[in-house]
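Structure first, then comments.
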Amino acid sequence: MHSEAFDLIPFVTSLSGCNLQPGLYVVATPIGHLADISLRALATLAQADLIACEDTRVTAKLLTHYNLRKSLIAYHEHNRQVAGNTIINHIGEGKSVALVSDAGTPLISDPGNDLINLCISNGFYTSTVPGACAAIAAITLSGTPSDQFVFAGFLSPKMISRKKQLQNYSNYSETIVLYESPRRIKHLLKDIFDVLGNRKIAVAKELTKKFETIWRGTVEEVARQLENVDIRGEFVVMIERGPKSVVNISDEMIYEVLKSSSAKDAAKFLSDTYGTSKKEMYQRILSIK
Ligand code: SAM
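In our numbering, the protein residues as written are 121 to 409.
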């Protein structure tokens with residue numbers, strides 16, 4: 121048992137007697153290190169009448185660690201309709217239900233979207249208890265731009281569809297954040313190289329766990345580093361934005377800039393603004409002038 125957790129046990133168990141308002145509480149749990157759980161998450165789990173979870177064995181392990189004994193109900197991808205209705209009935213009868221997933225934040229590449237919508241349509245109280253999320257933890261370590269990013273979740277397991285999805289992201293000016301399984305991580309890197317080129321990427325593995333590792337560099341460099349490592353574990357991949365293509369800049373925008381600048385100055389201004397090639401921009405301007 122982690123010593124950080126030990127001292128919290130009396131505090132958490134002392135909360136078990138309190139009552140929560142009836143409704144659904146979306147509670148984030150750790151993505152690895154069991155101490156990465158908020159005091160409010162523990163208090164909510166302690167106070168909830170019922171905990172809806174993906175895998176009761178995984179959640180039971182977390183609860184045992186914090187000395188909590190609670191009623192659990194399985195709510196996962198395969199039973200979400202039936203279990204969702206059961207949970208809604210419980211809330212309708214005045215119960216408080218905490219929703220957790222196996223790891224991290226529910227609804228983020230995890231079940232829960234149907235359930236929150238059922239609560240919304242029934243007019244039930246909903247509340248969030250935020251906490252760990254692998255995508256957020258990974259981007260903070262990545263070194264890729266973190267001011268704007270797009271969370272793309274898991275891409276398709278099929279190569280053709282995966283490449284199409286990557287193609288759709290090719291002109292995004294944000295960092296792209298992906299989840300991937302150890303089985304497909306090497307294939308994903310190859311597809312990124314084929315579709316998006318040798319961009320800068322970061323690959324985070326087993327965050328907050330014993331073998332936490334982060335690789336940074338171009339796709340080729342990272343792929344080379346991954347050749348000789350144990351590929352078991354959980355991965356987040358971040359792809360740095362690429363140069364934006366000139367074809368995505370509207371004619372109207374170009375005409376607007378041309379009102380007060382020469383073609384050459386407009387090319388410089390627009391390529392600086394949109395991060396495109398100045399030469400390609402100049403050619404585009406000449407083509408529509
Ligand atoms: N709801 C979770 C969250 O908030 O991050 C994500 C659940 S999704 C089913 C599981 C995926 O999240 C893994 O395949 C991996 O891509 C990523 N993931 C979860 N925990 C991780 C960790 N400790 N390190 C790296 N990636 C992790």
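The beta-carbon is built from N, C-alpha and C at its ideal position, and this holds for glycine as well. All values reported here derive from a predicted model rather than from experimental measurement.
Other residues of its chain near residue i: CB distance less than 8 Å, five sequence neighbours each side excluded
i	result
Phe355	Tyr299, Glu300, Ser301, Pro302, Ile305, Val323, Ala324, Lys325
Thr295	Ile259, Ser262, Thr264, Pro265, Ser266, Gln268, Phe269, Val270, Met358, Ile359, Glu360, Arg361
Thr328	Pro150, Ile151, Gly152, His153, Asp156, Ala252, Ala257
Close Cβ partners of residue i (< 6 Å) along its chain, the five nearest in sequence each way excluded
i	result
Asp222	Glu174, Asp175, Val178
Leu227	Asn233
Leu378	Ala386
Phe313	Val339
Cα-Cα separation between residue i and residue j, rounded to whole angstroms
i	j	result
Leu135	Asp230	28 Å
Val315	Gly212	49 Å
Asp311	Arg319	12 Å
Asn209	Ala218	14 Å
Ala383	Thr396	15 Å
Lys283	Ile351	22 Å
Tyr186	Gln287	45 Å
Leu182	Leu238	27 Å
Leu387	Thr393	First, the residue type needs correcting, since residue 387 is Ala and not Leu in the sequence shown. Their Cα atoms are separated by approximately 10 Å.
Ala272	Gly337	20 Å
Ser147	Ala161	A small fix is needed here, since residue 147 is Val in this sequence, not Ser. Between Val147 and Ala161, the C-alpha separation is close to 6 Å.
Arg404	Ser293	20 Å
Leu308	His198	27 Å
beta-carbon residue i near ligand 2 non-hydrogen atom, thresh 6 Å
i	result
Thr225	The model on display carries ligand 1 but not ligand 2.
Spatial neighbours of residue i in its chain, beta-carbon cut-off 7 Å, leaving aside the 5 residues before and after
i	result
Pro277	Arg304
Ordered list of alpha helix (DSSP H) runs contained in the segment 319-361, each at least 4 residues: Within the segment 319-361, the complete alpha helix (DSSP H) runs of at least 4 residues are 339-347.
What are the complete alpha helix (DSSP H) segments, minimum 4 residues, inside the segment 136-170? Whole alpha helix (DSSP H) segments, 4+ residues: 159-167.
Does the segment 161-175 come into contact with the segment 257-267, if we say contact requires no fewer than three beta-carbon pairs (one atom in each stretch) closer than 8 Å? Touching, no, given that fewer than three Cβ pairs across the two stretches are closer than 8 Å.
Measuring CB atoms only, is the segment 141-156 touching the segment 232-252, in the sense that at least three cross pairs come out at less than 8 Å? Counting C-beta pairs closer than 8 Å gives three or more between the segment 141-156 and the segment 232-252, which meets the contact rule.
Sufficient close CB pairs (3 or more, under 8 Å) joining the segment 325-340 to the segment 152-160: Between the segment 325-340 and the segment 152-160, the count of C-beta pairs closer than 8 Å reaches three or more; the two stretches touch.
The segment 401-409 touching the segment 369-377, judged by at least three CB pairs closer than 8 Å: By the Cβ criterion, the segment 401-409 is in contact with the segment 369-377, since at least three pairs of Cβ atoms, one from each stretch, lie closer than 8 Å.
Would you list, in sequence order, the uninterrupted alpha helix (DSSP H) runs of no fewer than 4 residues that lie entirely inside the segment 181-269? For the segment 181-269, whole alpha helix (DSSP H) runs of length 4 or above, ordered along the chain, are 200-212, 233-242, 254-262.
What are the uninterrupted segments assigned as beta strand (DSSP E) that are 3 or more residues long and contained completely in the segment 376-404, given in chain order? The qualifying runs do not exist here; there are none.
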